[in-house]
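Student: Going line by line, the protein sequences match chains C and W. Mapping of the first sequence onto our numbering: position 158 corresponds to residue 169, and the numbering continues sequentially without gaps. Mapping of the second sequence onto our numbering: position 241 corresponds to residue 889, and the numbering continues sequentially without gaps.
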Amino acid sequence: MSIYSPPEGWLEAPKGPERIWIGLALTWCIVMSLAMPYWHFYGKQNSSGESYRVSAVDFGTRVRQFVEANTVGEEAGIPIVEIPPGGDGYLLARMWNFYPVLKMKKGQTYRLHISSMDLQHGFSLQPLNMNFQVLPGYDHVLTITPTSTGVFPIICNEFCGIGHHMMTGRIIVE
Amino acid sequence: MASAVESLPILGNHPKDEVRACDTTSLPVCLTAQKFIRMHAVAAVVFLLIGGIAALALGLTRWPAVHLLDAQTYYRVLTLHGLNMLIFWILNFEIAVLYFAGTVLLNSRLASKSAAWVGFVLMAVGAITVDAAIYAGKSDVLMTSYVPLKASPWFYLGIILVAVGALVGVINYFATVYIAKRDKTYKGSVPLVVFGATAAAIIAVVTLLHGAIVMIPTMLWSMGVIENVDPAWYRITWWGLGHMSQQVNVCAMVSVWYLLGTLTVGSKPLNQAVCRGAFVLYILFINIASAHHLLVDPGVGTTWKIWNTSYAMYLAVLASMIHGLTVPASVEVAMRKKGFNRGLFGWLANAPWSNPGFSGFFLSLVIFGFGGGITGVTLGTQQINIMAHNTLRIPGHFHVTVVGGTTLAFMALTYYVVPLIFQKDFYAKAWCRIQPYLFGGGITLMALGMSFAGSYGVPRRHWDIEFTGGQFATGFDAGAHVMLGVMGIGAVIAFLGLLLYCLLVVAAVFFGRPIAGKAMEAWNEEPRGQADTADVDEHKTPGTLVLVIVFLTAFAVYYFANWMWLSDLWEVR
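1) Using a Cβ-Cβ cut-off of less than 7 angstroms, list which residues of the segment 134-148 of chain C approach chain W; keep chain order.
2) Helix, strand or coil: how does DSSP classify C/L153 here?
3) Could you say if the segment 735-743 of chain W and the segment 1167-1184 of chain W meet the contact criterion of at least three C-beta pairs nearer than 8 angstroms?
4) If contacts are defined as beta-carbon pairs under 8 angstroms, then W/Y1063 and W/P1000 qualify, I think. What distance do you get, rounded to the angstrom?
5) Would you grab the beta carbon distance between W/A982 and W/G914 for me? Rounded to a whole angstrom, and I think it's under 8 angstroms.
6) Which residues share a DSSP beta bridge with C/K114?
7) Note down, in chain order, every chain C residue with its Cβ under 7 angstroms from the Cβ of W/I954.
8) Would the beta-carbon of C/S58 fall within 8 angstroms of that of W/Y834?
9) Enumerate, from N- to C-terminal direction, the unbroken alpha helix (DSSP H) stretches of 4 or more residues contained entirely within the segment 43-103 of chain C.
10) Under 8 angstroms between the Cβ atoms of W/M1135 and W/M1094?
11) Anyone know if the C-beta pair for W/Y882 and W/Y794 falls short of 8 angstroms?
12) Could you tell me which chain C residues have their CB closer than 8 angstroms to the CB of W/K916, listed as they occur along the chain?
13) Near C/P96, what residues of its chain come up, given a Cβ to Cβ distance below 7 angstroms and the 5 sequence neighbours on each side ignored?
14) Do W/L1217 and C/L139 have their C-beta atoms closer together than 8 angstroms?
15) For W/F1100 and W/H1129, I'd like the C-alpha separation in whole angstroms.
16) So what does C/Q144 bridge to, in DSSP terms?
17) From the DSSP output, which residues share a beta bridge with W/R830?
18) Cβ of C/S59 less than 8 angstroms from any chain W Cβ?
19) What in chain W is Cβ-close to C/T158, meaning under 9 angstroms?
20) My assumption, with CB atoms under 8 angstroms, is that W/A681 sits in contact with W/Y747. Please give the rounded CB distance.
21) What span of residues does the beta strand (DSSP E) with W/C670 cover, start to end?
22) Does W/R924 pass the burial test, meaning 16 or more other C-beta atoms within 10 Å, or should it be called exposed?
23) Taking only runs of the beta strand (DSSP E) that begin and end inside the segment 953-1027 of chain W, which ones reach a length of at least 3 residues, in chain order?
24) I'd like to check one pair, W/I782 with W/T727: are the Cβ atoms closer than 8 angstroms?
25) Whose C-beta lies closer than 6 angstroms to the C-beta of W/T1023 among residues of the same chain, with five residues either side of it excluded?
26) Using a Cβ-Cβ cut-off of 8 angstroms, state whether W/H662 counts as contacting chain C.
27) In its own chain, which residues sit with a C-beta less than 6 angstroms from the C-beta of W/M863, not counting the 5 before and 5 after it?
28) Mind checking the segment 166-180 of chain C against chain W and listing, in chain order, the residues whose C-beta falls within less than 9 angstroms of any C-beta there?
29) Output yes or no for whether 8 angstroms exceeds the beta carbon distance between W/S1002 and W/R1081.
30) Can you tell me where the beta strand (DSSP E) with C/L123 in it begins and where it stops?
31) Look up W/K1072 in the DSSP assignment and give the residues it is bridged to.
32) W/T910 versus chain C: which residues are under 7 angstroms apart at the beta carbon?
33) Could one say the Cβ of C/G100 lies closer than 8 angstroms to chain W's Cβ atoms, at least one of them?
34) Which residue from W/Y821, W/I1113, W/R990 puts its Cα closest to that of W/L753?
35) Would you report the Cα separation of W/V693 and W/G949, rounded to the nearest angstrom?
36) Which residue comes first and which comes last in the beta strand (DSSP E) that contains W/V873?
Here's what the structure looks like:
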């Protein structure tokens, strides 16, 4: 009975179904433990968390320089900025939009820097459903390679105040 | 009363007239503890009802066809829902469980009556402070209150008071276990349920300390005393509170499973060492596993993420998988011994499914394992988390752990707490028998809707997935809308189950027929099968073994399917 003190000598090795199950469960846990480092080395989708401290002012300056140097168009009053292949792109998250619109080429690899001007935000790329956290004070670097073309909405999925549900952005891949 | 005390077969340390023998189980009930169990249980149900009404409004808002609340009210009610459910309801019930385990099961008095008062008052005042701060409209920060989102200082103060109050309760429990040991009120080792409750209490101390470490500076920052709280530091420390408190819930829930197994079918653990060892694994490893909330965060690197979520988390997962076998196995053996020894599942088919204590407990076990366990471990895999973080898949996971699992188990226990501790009889017992199915079914449907909608990318904590007013037109696949409808229907059914529970409990506790002096009316007749029970081997549980292998297969399919989906995404590192 679970509600009474166990009889003397309760400390005994598992046997029968318990023994089988502990063996199976432990094996499964080891498989899962190994899957993550395996994917880190051989898989193509990882979150390495590469990041650097940055002040909002400094990050804003870098975004401005990036936009000035690489703008190729405009949509809904927001500049469309093409990241040089293999180069660094900047995305600024703030209440309540992502700035600017980014343009990339399929198969090219980019270093995408994301930071927040104000609150915590969520970078959620749709409809792929790839999600990363965006914090103020941290430059979160995603080394990213688009493998499909089209127009991909970015939505914010970390609550950031009353306009949270209006916070969107866009990535265009050709 | 006095005669009952004298006739108790075992020793105790109760002062005269402060103990009664339970009319049903003959266990000694410390009257002081009984009072505080009642108070915490009543408080718990009040907060459950507040959180439940909020839940209904949220479900009806996220159901796109209904979209009930306006944006501001939605986020306010969401804040209210999280705190009342996840903290106030559950912590109050857990303190009640601790007071029960420490006194009744150890045949001890409660260590300190005044400490119990202090703990209760702090928790109640703190909870009311938080709810008032939310209602006042200056604390729309959701439960996680991620800085630099700022709430009024009262909000943080209320949470601190609740945490300190709960800590006082937990320390009172440890003191009770200590005096029981000192006064030799029990022989040998503590019962398994007490062992599990102690594991929960140990984790609770670490949890509540994290709460103090993160909430005190945040409150000072909110008051203007401190200039800055680092958001990455906040997240890592807050989750020391936020995740570990869920492990308190798991531990308490598993203890309640063992308790209900004993109360409903007279089950006993096959191997005490295995069950206890699994509880120890929780204590040792779960705290580090709170890292799985930060898997796509900046500020923490790959090694840190993988290390903390692999060995640490999986040894805690191992513990849950062990309980996932030992709990149903003990039911299987008990039922086979009652004569239901035919076939693989004769024991399960003939279980007392009309007893809400049993149905609630077993549904909780199944929902927690198949729903919450499989999704939780998969979504907590470092890379797979990329396609889950902050989507509806996350609440889709935890509503089948902490609600379909913990809350349902606590509800099931209530069907024994009310007659045995409140000494009141339930009205409308037919409704009592239906309630676990209604609530468990509703919450499962709701979580399924959430999980699938989340797979389409639908974010959690989001008022309008049409993004009306956003700078770019954005929306989701029609399938996502269907799934949100499923979620809404599930939420309504679950709410009806919750409301029914609250009505039944309130009616019984405040207006029920007193049954003091009489044994409680059993929920079901003693099951009695036909088969010969002489050859029941206590270590032979073929039915359970089949169940857990089905479970492991479902687990592996879901796990590897997610890796497959992940491999279709853009390359990122």
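Note that the Cβ used here is the ideal one computed from N, Cα and C, for glycine as well.
Tutor: Reading it off the structure:
1) Across the segment 134-148 of chain C, CB contacts with chain W closer than 7 angstroms involve S135, Q137, P138, L139, N140, M141, N142, F143, Q144, L146, P147, G148, in sequence order along the chain.
2) C/L153 falls in the strand class under three-state DSSP.
3) Judged by Cβ distances under 8 angstroms, the segment 735-743 of chain W makes no contact with the segment 1167-1184 of chain W, as fewer than three pairs qualify.
4) About 12 angstroms separates the beta carbons of W/Y1063 and W/P1000, which is beyond the 8 angstroms limit, so they are not a contact pair.
5) Your pair W/A982 and W/G914 checks out as a contact, with CB atoms roughly 5 angstroms apart and the cut at 8 angstroms.
6) Beta-bridge pairing links C/K114 to C/E93, C/I183.
7) Contact annotation for W/I954 against chain C: M47, P48, H51 [CB-CB distance below 7 angstroms, chain order].
8) The Cβ atoms of C/S58 and W/Y834 do not sit closer than 8 angstroms to each other.
9) Qualifying alpha helix (DSSP H) stretches, in chain order: 67-81.
10) Contact flag set, yes.
11) One thing to note: W/Y882 has its Cβ within 8 angstroms of the Cβ of W/Y794.
12) Near W/K916 (Cβ distances below 8 angstroms), the residues of chain C are M12, S13.
13) Around C/P96: K116, Q119.
14) Yes, the Cβ-Cβ distance between W/L1217 and C/L139 is below 8 angstroms.
15) Going by C-alpha positions, W/F1100 is about 10 angstroms away from W/H1129.
16) Answer by DSSP bridge pairing, in chain order: C/G133.
17) Bridge partners of W/R830: none, in fact.
18) Interface with chain W (8 angstroms Cβ-Cβ cutoff): C/S59 is included.
19) Here the neighbours are D1216, L1217, W1218, E1219.
20) With 8 angstroms as the limit, W/A681 and W/Y747 qualify as a contact, their Cβ atoms being about 5 angstroms apart.
21) W/C670 -> no beta strand (DSSP E), and no H or E assigned at all.
22) With 16 or more other Cβ atoms inside 10 Å of its own Cβ, W/R924 counts as buried.
23) Fully enclosed beta strand (DSSP E) runs of 3 or longer: not present.
24) Yes, the pair counts as a contact, with Cβ atoms nearer than the cut-off.
25) Take W/T1023, set aside five residues on each side of it, and the residues of its chain with a beta-carbon closer than 6 angstroms to its own are H1045, in chain order.
26) With a threshold of 8 angstroms between beta carbons, W/H662 makes no contact with chain C.
27) Once the five neighbours on either side are set aside, the close Cβ partners of W/M863 are Y804, I807, I808.
28) Listed by position along the chain: I166, C167, N168, E169, F170, C171, G172, I173, G174, H175, H176, M177, M178, T179, G180.
29) W/S1002 is a Cβ neighbour of W/R1081, given a cutoff of 8 angstroms.
30) For C/L123, the enclosing beta strand (DSSP E) stretches over residues 121-127.
31) Beta-bridge annotation (DSSP): W/K1072 is paired with W/P1162.
32) Under the 7 angstroms cutoff, chain C gives M12, S13, I14.
33) For C/G100, the answer is no, since every Cβ of chain W falls outside 8 angstroms of its Cβ.
34) Across the set W/Y821, W/I1113, W/R990, the C-alpha of W/Y821 shows the shortest separation from the C-alpha of W/L753.
35) Rounded to the nearest angstrom, the gap between the Cα atoms of W/V693 and W/G949 is 42 angstroms.
36) That residue, W/V873, is in no beta strand (DSSP E); it is neither H nor E in DSSP.
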